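J.: Quick one: the structure is below, and I'll ask about it shortly.
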Amino acid sequence: YFPEKGEAHQVSQLLLSGTHEPDVVIDVSRTIDTKVKSVLAHASQIAGDADGIRDVVYGRAEQAGRPVGLGFGEAFRSVELSF
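The opening residue of the sequence shown carries number 1 in the working numbering; numbering runs sequentially from there.
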């Protein structure tokens, strides 16, 4: 808590990932390669199946983007907050 820094930021929207009913798709076409590299950097968690993980990340992004005309997307459920 730092009152000298001013008022706390108020968030007006939450984007929830991994939902069964997404209502927002964000274009990640420009950043998908960075995401893949980031995921692959966790070598101890991918059990030597880098190609499989790469395919899953690209595949999910293609699947999320396709219905809205994007090359790659990430789907979220949007929750608007009011204070």
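Here a beta-carbon is modelled for each residue, glycine too, at the ideal position from N, C-alpha and C.
Note that the structure is a prediction, hence the values are computed from the model and not measured.
#1: State whether the region 11-19 contacts the region 48-68, with contact taken as three or more CB pairs (one from each stretch) at a distance under 8 Å.
#2: Starting from the C-beta of E21, find all residues in its chain whose C-beta is less than 8 Å away, skip the five residues before and the five after it, and write them out in chain order.
#3: So D55 is in the alpha helix (DSSP H); what residue range does that whole segment cover?
#4: Run through DSSP, which three-state label would I26 get?
#5: Specify, as a first and last residue, the run of the beta strand (DSSP E) that V36 falls within.
T.: In this structure, then:
#1: no
#2: In the sequence shown, counting from the first residue as 1, residue 21 sits at position 21. The answer, listed in chain order, is R77.
#3: Reading the sequence shown from its first residue, position 55 is the one you call residue 55. First-last of the alpha helix (DSSP H) with D55: 50-65.
#4: Here the question's residue 26 lines up with position 26 in the sequence shown. Residue state, collapsed to three classes: strand.
#5: As a working note, residue 36 is residue 36 in the sequence shown. That residue, V36, is in no beta strand (DSSP E); its alpha helix (DSSP H) goes 32-40.
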